[in-house]
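**Q** Sharing a structure below in structure tokens format, with a few things to ask.
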Amino acid sequence: MSHHTRSPIESTPIAESGPSASVGEHPNAITNRFYTYERVQDIVSFIQNIVPTKPEIAIICGSGLGGLAELITDKIVIPYVDIPHFPRSTVVGHRSNLVFGVLNGLYVVCMQGRFHPYEGYTTATCAFPVRVMRMLGAHTLIVTCAAGGVNKGYSVGDIMLIKDHLNFPNLAGNNPLIGHNDERFGPRFPPVGHAYDRQYLSKMKQIASKHSVELREGVYCGLGGPCYETIAEINMLRLLGGDAVGMSTVHEVTLAAHCGFRTLGLALITNKCLWDYDTTYEPVHEDVIRISELKANELQQLIYDFIGSVKQNPT
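Oh and the sequence shown: position 176 is 176 in the UniProt record's numbering, straight run, nothing missing.
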């Protein structure tokens, strides 16, 4: 069923209803001062009044991959606009719904559309729904994304298991955890060296093998966007060990590691990146959506079976 009733707490952008900035204060510090533990609890309570069942799995759908939510049964759909203090996705291919229901025997919550810094949001704002889903009860996070192929051996349509990432906003001092740390969310200095769960990587390889799907396994590079990368930038990413590049995921996984999620990451290679100045091809978002839709069924089947494996072996 679809829920579409305005929340009793009017949804407003942080810029209009959040705290004022101090001179020199980092935007993420302002965001984290706004999304306090108590405020996140308020959001969770609002959702729980509509959805009494606790989800076990949280899913974030990348560009063009929101169709996974169509496989969910006994659905309850809450548009982002109805959730107090929730951002809205403005990108084509992101439907802006929080979808609850049963997927292969487990109760899930699915973000049908995510948020990106290039939309004007801080990385802390983009990632804070991860905390909401964790406080709702989910213990496993599945992140999917569309990405460009940095690795010359990758082809359009390949699916890459994310084994690690290069978080360039973080390296530039734009970590979503900047500001006051509430220990109820997680530790001040969280380790992220094993942010992508090794057991989950092995499980997904087994599932892919069963379906005769060849999975890539590599390093995802998270950049700010919205521009696609220059040839020099792609060649730099390759030298640094990057295999795929996109404009999302890394800040969400950082918060997931902070609050104790076990995380599986999957990147769909929707375009080949430029590395030759004689190349005339340029990536466009329409191609990203087109390839995502063409490969959606294959990726959805892998995730569907993975959730079944979590049900059978929850540890």
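All C-beta atoms, glycine included, are put in the ideal place defined by N, C-alpha and C.
Please read these numbers as outputs of a predicted model, since none were measured by experiment.
With a cut-off of 8 Å on the beta carbons, I'd call ALA267 and ALA296 a contact; round off their distance for me.
**A** Actually they are not in contact, since the Cβ atoms of ALA267 and ALA296 sit about 14 Å apart, beyond 8 Å.
**Q** So for ARG114, helix, strand or coil by DSSP?
**A** Three-state result, ARG114: coil.
**Q** On the criterion of 16 or more Cβ atoms from any shown chain inside 10 Å, does ASP82 qualify as buried, or is it exposed?
**A** So ASP82 ends up on the buried side.
**Q** Closer than 8 Å by C-beta to ALA29: which residues in its own chain qualify, once you throw out the five before and the five after it? Chain order, please.
**A** So the list reads ILE178, GLY179 and HIS180, once near-sequence residues are dropped.
**Q** Answer yes or no: do VAL109 and LEU136 have a C-beta to C-beta separation smaller than 8 Å?
**A** Yes. Within cutoff.
**Q** Decide yes or no for the touch test of the region 298-312 against the region 209-218: beta carbon pairs closer than 8 Å, at least 3 of them.
**A** As far as the Cβ criterion goes, the region 298-312 touches the region 209-218, which means the pair count is three or higher.
**Q** One question on the structure: do ALA146 and THR270 come within less than 8 Å of each other, judged by their Cβ atoms?
**A** Cβ distance < 8 Å, so ALA146 and THR270 count as in contact.
**Q** For a quick check, are the C-beta atoms of HIS258 and PHE185 less than 8 Å apart?
**A** A contact, by the Cβ cut-off of 8 Å.
**Q** Identify every residue that forms a DSSP beta bridge with GLY218.
**A** GLY218 pairs with ILE162.
**Q** Let me know the beta strand (DSSP E) ranges lying completely inside the region 90-149, each 3 residues or longer, listed in chain order.
**A** You should have 97-103, 106-112 and 140-149.
**Q** Does VAL77 pass the burial test, meaning 16 or more other C-beta atoms within 10 Å, or should it be called exposed?
**A** Buried is the call here.
**Q** With a threshold of 8 Å, are at least 3 pairs of Cβ atoms found where one atom belongs to the region 59-74 and the other to the region 109-120?
**A** Flag = yes, the region 59-74 and the region 109-120 touch.
**Q** The alpha helix (DSSP H) that contains LEU299, what's its start and end?
**A** 285-312 is the span of the alpha helix (DSSP H), which, as asked, contains LEU299.
**Q** Pick helix, strand or coil for residue 339, following the three-state DSSP scheme.
**A** Residue 339 lies beyond the range of the chain shown here (1 to 315); nothing can be said about it.
**Q** Mark LYS54 as exposed unless 16 or more other C-beta atoms lie within 10 angstroms of its C-beta, in which case mark it buried.
**A** LYS54 should be labelled exposed.
**Q** Under 8 Å, do CYS273 and GLY157 count as touching if we go by C-beta distance?
**A** Going by C-beta atoms, CYS273 is not nearer than 8 Å to GLY157.
**Q** To the nearest angstrom, report how far apart VAL51 and PHE34 are at their CA atoms.
**A** Going by the C-alpha atoms only, they are around 25 Å apart.
**Q** Note down the Cα distance separating VAL132 from ASN235, rounded to an integer number of angstroms.
**A** Approximately 37 Å, taken between the alpha carbons.
**Q** Is DSSP giving THR31 helix, strand or coil here?
**A** Residue state, collapsed to three classes: helix.
**Q** Under a Cβ-count criterion, where at least 16 other Cβ atoms within 10 Å of its own Cβ denotes burial, should THR230 be classed as buried or exposed?
**A** THR230 is exposed by the Cβ-count criterion.
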